[in-house]
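Please read the structure below before turning to the comments.
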Amino acid sequence: MAEPSVVIEHVSKKFGEITALQDVSFQVFHGEIFGLIGADGAGKTTLMRILTTLILPDSGQATINGRDIVSAYRSIRERIGYMPGRFSLYPDLSVEENLRFFASVFSTSIEENYDLVKDIYQQLEPFKKRRAGKLSGGMKQKLALSCALIHKPEVLFLDEPTTGVDAVSRMEFWQMLKRLKEQNITILVSTPYMDEAGLCDRIGMMQKGKLLAVDTPDEITELVPMQLFAIRVDQMHRLTEALRSYPYSASAYAFGQVVHYRDRRKHPNEHELKEFLKVQGFSAVMIRRINPGIEDTFIALMEQEDGTHDKL
Amino acid sequence: MNSFAAFMTKEFYHILRDRRSAMILFGMPIIQLLLFGYAIRNEIQTVRIAIIDQSHDRITEAITDKLLSSGHFVLVDTFSSDDAIEEGFKSGEITEAIVFEAGFGRRFVREQETSVQIITDGSNPNLARIVLSYTTAVFMDYRASLLQGDEEGKGIAAETLMLFNPELKSVYLFVPGLITLILMLVSALMTSISITREKETGTMEVLLVSSLRPYQIIIGKVVPYLMLSFINVVTVLIIARFVFGVPCRGSVTLLLLESLLFILTALSLGIFISTITSSQQVAMMISLGGLLLPTVMLSGFIFPVSSMPLPLQIISTLIPARWFLVIVRGIMLKGTGIVYFWQETLVLASMTLALGILSIRKFSIRLT
Amino acid sequence: MSIEANELTKCFGSFCAVDRLSFGVNRGEIFGFLGANGAGKTTAIRMLCGLLEPSSGRASVAGFDVGSMAEKVKQNIGYMSQRFSLCDDLTVRENIRFYGGIYGLCDRDIKARTGEMLQRLDLASSADVRLGSLPPGWKQKLAFSVAMVHNPEIVFLDEPTGGVDPVTRRRFWELIYEAASRDVTIFVTTHYMDEAEYCDRVSIMVDGRIAALDSPRHLKETFDVPSMNEVFLRLARSTGDEKREERQ
């Protein structure tokens, strides 16, 4: 049974009128990759900053490996790695100088923990004399990750490390994270990309300061039981509107090549639906029953939260 | 044309909705006007003078009365010897000394050439000039009232002596002030900008979440500027000495030590500014508008403090440069030692201490 | 044709960020312009918007040549990006008025368009609320409408849905569909591969060149993969971060 590394209990935070976090509680276990999934404004960054002891919560408590974030902030800071949302290294220092700086700030050296960052750093090494500000986006992320790792932290906090980075670089980054897991480092990473959720051990879905659900990617999709169908027709552009006019529709959203349609009934009649679409002027109608994915679940949870439903 | 108008309107909205810049835009000119209006005065108030009367006749006493009743002059003491006069100037006790030669009155009545020696403090050339013109005006006035329209008759020859700066070189005025300004600029402005830049770019976040303690961050930021400022002082002194001939009559070591103290004061000011804002722009505006401008206007650099109205004089005591200027002028131009300005030194030291403590308290171990 | 590019090139010294780009976009098409970071996308878009002069080759956007008539191009296109957004301390109404003015609309037109937009986006009740106070999803939608306040023929969207929640993202694309149905050409870049599926045609830039250009369906057939994500990984992967880094 895995032991909890990060424990968060009833944390809330307000900035003036805006509620950034509302009664958030969950745990992150040793050596797991935990993903905080949510859009901008969900509260991910605020939560990260509280856990890295940069901000105080209004209420609630949290511990990192048994150390309280308020009273033991100093010892926490010595043992965690942090990669904030923006590029926060020194643009006028070179790759090597940045890494050396952060190593020495933690009273260690590049050589000491080299094997930890070797994987990543080897890709940077050919450019080690280049000014960090001149690196491409993907390279900057790798450098920032190296600097966060160089002192062998117990827990790694990554705040939206893949935002604005293309699909290829994102994949490479996540592969690096997976390899880090083998070093038994606990990783808490936030991301707005739903497809990255599947790469985590467990995920927490956040929306507007609230934690909607916490579970493994597989099990979270079973959280909201729904009658879900993937539908494809010849004129995709009109489909969502048409489906929403169907009396039994709970929601209809585009999902790449198909539209995910949710029926309100417990036992929806596919045949009837097909007829309805034909009447609406669609042909080559393909309807397939599917299991909800992470994004479907997220949307359903959001709607439950908001009390909004797709109507005409 | 419409797009241009739309753009201008938007700018107005931005300005009006940003309270801070609105305050600066409307408040600054008013403050500057008040400052300029009050600070730039060619009038003097309560100049402390000494009168050495080697004649003690009714003429000299009449002139003395006239001087003292004009409201501009205050008699400090009647000194007896030359040494005492020099002491008085060095310690800053007197700004002007008037020496009546023996037999002044007798010679005046007999309409012979009389002369009076007027000694002013050349280390503050602007003040010296004003004081001198007031004094000679009093003399001329007295003479005119006695002669009553009779243009004939001998005049009073005023033998003026600008102590410490006989040729009244303006560079003597500028160098001490310049040192002050440069140190304030480099230390306060650059430090505050450097720290707020870390906050703005986000690197401060990463630094805080490390084993670096806040005081280590501050000291690490500050030491390079300390060294830079020190090099600046030395450079200015060398150039002043060898290019412009500005002397350093006192101890150079003492000057450098006091400069170090002032640098520390300016640095702590810079750090303090960085604790009250996270924006480089605001830090710059506070440094320039809140530090540099008052330093130039109210420290006595150009406009004598004693000419300012009382409220401004009080404000002036809060400006570190005002105290440092006394020290620098004392060492460089008057050649005095620490005995003469230990109070000013103490003021600077306590300012540094107070700012340091405040900054450490305010320097957040956390964001906002 | 809304866009016609012919051997469009931009070189900075010996390094060519965009290397002989040739393609066309039809009126009313939703065109996805994809590529890895550093592939030259941003440079290409800048040229097409009249913001950057090409080193060689030509392109015409909305009927105007980007090299010689850049000002005309700018007046006839709409532009919206994640970084460039509306002014937070102006109200919704003021924002529309400002951008309407910027695009040269007369007061009467601005008033009409304002009413239209507020109604269509259901923002009438928040018309005098400061933009900064609205939730992010609304800002996105408003930004898109404002980009079209002057009824341009073509709209450039640079990663318009970054960081936004899944529902808002889809709502946004519904707005895009609606605009396309009104014959507005949409030129969009995105990092979300599922959004690539929503486009009529997609082009993928690699190392300054177009490596593939076709409808999503044909692309998947050509590479024999089930999703655009896979297509992208196949093509863009040949240039890893290191190669891209070397190009700089």
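Keeping their order, the protein sequence lines are chains A, B and C. Residue numbering for the first sequence is 1 to 312, as defined by my numbering. Residue numbering for the second sequence is 313 to 680, as defined by my numbering. Residue numbering for the third sequence is 681 to 928, as defined by my numbering. Even for Gly, the Cβ is constructed at its ideal location relative to N, Cα and C. Values in this document were obtained by computation on a predicted structure and should not be read as measured data.
Q) Just the Cα atoms here: how many angstroms apart are A:P292 and A:P91? A) Near 44 Å, if we compare the C-alpha coordinates of A:P91 and A:P292.
**Q.** Contained alpha helix (DSSP H) runs [length at least 4] in the region 23-76 of chain A, N- to C-terminal order
**A.** 44-51
Q) Using a Cβ-Cβ cut-off of 7 Å (strictly less than) and excluding sequence neighbours within five positions of C:D699, which residues of its own chain qualify? A) T689, G888, R889
Q: Reducing DSSP to helix, strand and coil, say where B:N436 ends up.
A: Note: B:N436 maps to coil in three-state DSSP.
(Q) For chain A, check one thing: does any of its Cβ atoms lie closer than 7 Å to the Cβ of B:G514? (A) yes
Q. Rounded to a whole number of angstroms, what is the C-alpha to C-alpha distance between C:G693 and C:P734?
A. 13 Å
Q: Could you please tell me which residues of the region 183-203 of chain A, in chain order, have their CB closer than 9 Å to any CB of chain F?
A: Here chain F cannot be found, since the structure's protein chains are A, B and C.
Q | Members of the region 516-536 of chain B that neighbour chain A once the beta carbon cut-off is set at 7 Å | A | Correct list: E517, V518, L520, V521, S522, S523, L524.
Q: Use the C-beta contact count for A:I299: other C-beta atoms within 10 angstroms, 16 or more gives buried, fewer gives exposed.
A: buried
(Q) In this structure, how does DSSP classify B:R422 when only helix, strand and coil are distinguished? (A) coil
Q: Closer than 9 Å by beta-carbon distance: list the chain A residues that pair up with C:F912, in chain order.
A: Simply D166, A167, V168.
**Q.** Residues bridged to A:L188 (per DSSP)
**A.** Answer is A:F34, A:F157, bridged to A:L188.
**Q.** 7 Å Cβ cutoff, A:I299 in contact with chain B
**A.** No, its Cβ sits nowhere closer than 7 Å to a Cβ of chain B.
Q) Any contact of the region 100-112 of chain A with the region 534-554 of chain B, i.e. 3+ C-beta pairs under 8 Å? A) At 8 Å Cβ cutoff, the stretches do not touch.
**Q.** For A:C147, the nearest candidate out of A:L228, A:L93, A:V285 (CA to CA)
**A.** A:L93
Q) For the putative contact between A:S86 and B:G514, defined by C-beta atoms under 8 Å, what is the C-beta separation to the nearest angstrom? A) Contrary to the premise, residue 86 of chain A reads as Arg rather than Ser in this sequence. About 5 Å separates the two Cβ atoms, so the contact holds.
Q: Ignore the nearest five residues each way along the sequence and tell me which others in C:R726's own chain have a CB closer than 7 Å to its CB.
A: Same-chain partners within the cutoff: L732.
Q: Let me know the secondary structure DSSP gives B:M596 once reduced to three states.
A: DSSP places B:M596 in helix when its eight states are reduced to three.
Q. Going along the region 319-332 of chain B in order, which residues come within less than 8 Å of chain C, judged by CB to CB distance?
A. F319, T321, K322, Y325, H326, R329, D330
(Q) Can you give me the C-alpha to C-alpha distance between A:L239 and A:V259, rounded to a whole angstrom? (A) 8 Å
Q) Under three-state DSSP, which class holds C:L801? A) coil
Q: Check the C-beta distance from C:V772 over to C:L803 and give it rounded, since I have them as a contact under 8 Å.
A: Rounded, the Cβ-Cβ distance is 6 Å, consistent with contact.
Q) Exposed or buried, C:G758, counting other C-beta atoms within 10 Å across all chains shown (16 or more means buried)? A) buried
Q.
With a threshold of 7 Å between beta-carbons, can B:R634 be considered close to chain A, or not?
A. no
Q: Return the CA-CA distance between B:G417 and B:T432, expressed in angstroms with no decimal places.
A: For B:G417 and B:T432, the distance between alpha carbons rounds to 23 Å.
Q: Could you work out which residue in A:N98, A:Y114, A:G164, A:L56 is closest to A:L143 when comparing CA atoms only?
A: A:N98
**Q.** Sub-7 Å separation of A:L156 and A:I203 beta-carbons
**A.** no
(Q) Taking 6 Å as the cut-off, is the C-beta of B:Q344 nearer than that to any heavy atom in the ligand ADP? (A) By its list of ligands, the structure shown contains no ligand whatsoever, and the ligand ADP lies outside what it can speak to.
Q) Are the region 873-882 of chain C and the region 895-909 of chain C in contact at 8 Å, needing three or more beta carbon pairs? A) yes
Q.
Can you find the residues in the same chain that come closer than 6 Å, C-beta to C-beta, to A:G138, ignoring five residues on each side of it along the sequence?
A. Excluding positions up to five away in sequence, the list reads V165, S169.
Q | Validate contact between the region 822-830 of chain C and the region 738-751 of chain C using beta carbons, cut 8 Å, 3 pairs | A | no
Q | 7 Å Cβ cutoff met for C:T647 and C:E839 | A | Outside the displayed range of chain C (681 to 928) lies residue 647 of chain C, so it cannot be described from this structure.
Q: Look at A:T314 and A:Y73 and say whether their C-beta atoms are less than 7 Å apart.
A: Because chain A here runs from 1 to 312, residue 314 of chain A falls outside it and cannot be looked at.
Q.
Less than 7 Å between CB atoms is the rule here; does A:I55 satisfy it with respect to chain B?
A. yes
Q: Please report the residue range of the alpha helix (DSSP H) in which B:Y484 lies.
A: 482-495
(Q) If the criterion is Cβ atoms closer than 7 Å, does the pair B:A318 and C:I710 meet it? (A) no
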